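Taking it in order: structure first as structure tokens, then the write-up.
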Amino acid sequence: MIDSYLEHAKVAKRSVQNLSDEQKVDFLMELSKRILSLKQEVMEANIQDLNKMPESDPKYDRLLLDESRIEAICKGVQEVARLEDPSGKVLYRNEKENGLVIEKRTVPLGVVGVVYESRPNVTVDVSALAFRSGNVALLRGGTDAFHTNKFFVDLIQELLVEQGLDPHAVQLLPTDREVVLELLHARGFVDVIIPRGSQSLIDFVRENATVPVIETGAGVCHLYVHHSADLDKALAIAVNSKVSRPSVCNALECLLIDQNIAEDFLSRLAPEFSKFNIEVFADSFAYGVLLNKDYPKLYQANLESFGKEYLALKCTVRVVAGLDEAMNHIDRYSSKHTDGILAQDQGVIELFMENVDSAAVYSNASTRFTDGGEFGLGAEIGISTQKLHARGPFALEKLITEKWFVQGDGQTR
Numbered sequence: 046m047i048d049s050y051l052e053h054a055k056v057a058k059r060s061v062q063n064l065s066d067e068q069k070v071d072f073l074m075e076l077s078k079r080i081l082s083l084k085q086e087v088m089e090a091n092i093q094d095l096n097k098m099p100e101s102d103p104k105y106d107r108l109l110l111d112e113s114r115i116e117a118i119c120k121g122v123q124e125v126a127r128l129e130d131p132s133g134k135v136l137y138r139n140e141k142e143n144g145l146v147i148e149k150r151t152v153p154l155g156v157v158g159v160v161y162e163s164r165p166n167v168t169v170d171v172s173a174l175a176f177r178s179g180n181v182a183l184l185r186g187g188t189d190a191f192h193t194n195k196f197f198v199d200l201i202q203e204l205l206v207e208q209g210l211d212p213h214a215v216q217l218l219p220t221d222r223e224v225v226l227e228l229l230h231a232r233g234f235v236d237v238i239i240p241r242g243s244q245s246l247i248d249f250v251r252e253n254a255t256v257p258v259i260e261t262g263a264g265v266c267h268l269y270v271h272h273s274a275d276l277d278k279a280l281a282i283a284v285n286s287k288v289s290r291p292s293v294c295n296a297l298e299c300l301l302i303d304q305n306i307a308e309d310f311l312s313r314l315a316p317e318f319s320k321f322n323i324e325v326f327a328d329s330f331a332y333g334v335l336l337n338k339d340y341p342k343l344y345q346a347n348l349e350s351f352g353k354e355y356l357a358l359k360c361t362v363r364v365v366a367g368l369d370e371a372m373n374h375i376d377r378y379s380s381k382h383t384d385g386i387l388a389q390d391q392g393v394i395e396l397f398m399e400n401v402d403s404a405a406v407y408s409n410a411s412t413r414f415t416d417g418g419e420f421g422l423g424a425e426i427g428i429s430t431q432k433l434h435a436r437g438p439f440a441l442e443k444l445i446t447e448k449w450f451v452q453g454d455g456q457t458r
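Just so you know, we're using my numbering here: the sequence shown kicks off at 46 and counts up by one.
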């Protein structure tokens, strides 16, 4: 079903790798301008997708593109264009006594297949990142965002043709389910697969792929409120982490609170969380405190409540005896994405940040900052929770691998 896409991608790989830095920058800057000038058309395509999904679906917010989000996409493309191309860098050089010159250089990964769900911004982000680093992008978005994704890729391919470039540098694959398996098994054509979406999607890709996989993980993010915390700052950070955009992977899913400040902090938290109609799944101690405060959407937590990525206005709350119990809980239930501590005791902060084994660890800041753009990396493909090749925001700098270049003049061994 996708043989022609794969063949075109293989041919395009060489042409994209040979583009000059100027060509890549010019293309991306023009792409940003073009998308910005077509904001209304983008939103019209997006509405076709939104009309097929109830607003109550947690994925609705991920799918939605309004003017500010489109402008943010364009800003991200410009930022990627301004970043230095990570390929072609000499990492090591050694001139041997026999005259051999040995270098290790960075080179593009090649053909990058990305499987994702309900996030049309990913279409532009991945295309920009892949193109800037000299890679080809094979995109398999979900049916939820089909019209928006198609609009973006049609626009990208039109601009590639206008600039005399290979339009197959970015391709949108059909949404048929069978296509995913074909992509996962396309050894010899696809160099790496990157899944971005739900845990079930990531698990499916990892378990079925014969092509190498770089995972971007689900976000079961925690904040731990230590008894030394500035409670006013802690409250603002906890609320922001949960409510600023609950449908994304860097949103707070579990709040841990030291026992000797729990009643005070929960009393402050209750009116703030209730403003946003947040459903709270609380352990027995927290449940008792919040019940006395007449918290409206309160449920008793069970073991299944923890370790869950809600992607909605829902949050688990647990009261802990101290730092060790908090870190043990995170070690058991975190997805190793983003976890943070709210404290004033610098020694406790250092212990937490050194010992919590997550891709990003925070002290006294919202979890919502785990993002390629916020980290100064331009756009991102996702947040990697694994340890090989990439960890944390998976952006331009990691869309490369290494290659050895050995130059001789008749040497034999």
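We put the CB at the ideal spot given by N, CA and C, even for glycine. Values in this document were obtained by computation on a predicted structure and should not be read as measured data.
Span of the alpha helix (DSSP H) around residue i
i           : result
residue 119 : 112–127
Short Cβ contact (7 Å threshold) for residue i with residue j
i           : j           : result
residue 53  : residue 259 : no
residue 352 : residue 332 : no
residue 181 : residue 206 : no
residue 342 : residue 354 : no
residue 274 : residue 387 : yes
residue 438 : residue 420 : yes
residue 357 : residue 328 : no
residue 295 : residue 383 : yes
residue 393 : residue 271 : yes
residue 250 : residue 160 : yes
Residue i in three-state terms, based on DSSP
i           : result
residue 78  : helix
residue 94  : helix
residue 165 : helix
residue 295 : coil
residue 418 : coil
residue 259 : coil
residue 151 : strand
residue 240 : strand
residue 30  : Examination of residue 30 is not possible in this model, given that the chain is present from 46 through 458 alone.
residue 386 : strand
Residue nearest to residue i in terms of C-alpha spacing, selected from the options
i           : options               : result
residue 50  : 217, 380 and 114      : 217
residue 111 : 309, 211 and 91       : 91
residue 132 : 219, 66, 56 and 215   : 66
residue 374 : 401, 215, 389 and 358 : 401
residue 460 : 233, 308, 56 and 292  : Nothing can be reported for residue 460: it is not among the residues displayed for the chain, which extend from 46 to 458.
residue 48  : 230, 405 and 84       : 230
residue 318 : 442, 306 and 282      : 282
residue 129 : 204, 445, 168 and 452 : 445
residue 337 : 348, 311, 70 and 57   : 311
The beta strand (DSSP E) enclosing residue i, as first and last residue numbers
i           : result
residue 269 : 266–270
residue 448 : 445–452
residue 394 : Careful: residue 394 lies outside any beta strand (DSSP E), inside the alpha helix (DSSP H) at 391–400.
residue 408 : 405–408
residue 182 : 181–185
residue 429 : 427–429
residue 99  : Here residue 99 belongs to no beta strand (DSSP E), and DSSP marks it neither H nor E.
Practice task
At 4 residues or longer, and completely inside the region 321–382: list those alpha helix (DSSP H) runs for me, N to C.
Solution key: 329–337 and 368–378
Exercise for the section: Could I get the ranges of all uninterrupted alpha helix (DSSP H) runs contained in the region 195–240, with 4 residues as the minimum, in chain order? Expected result: 222–229
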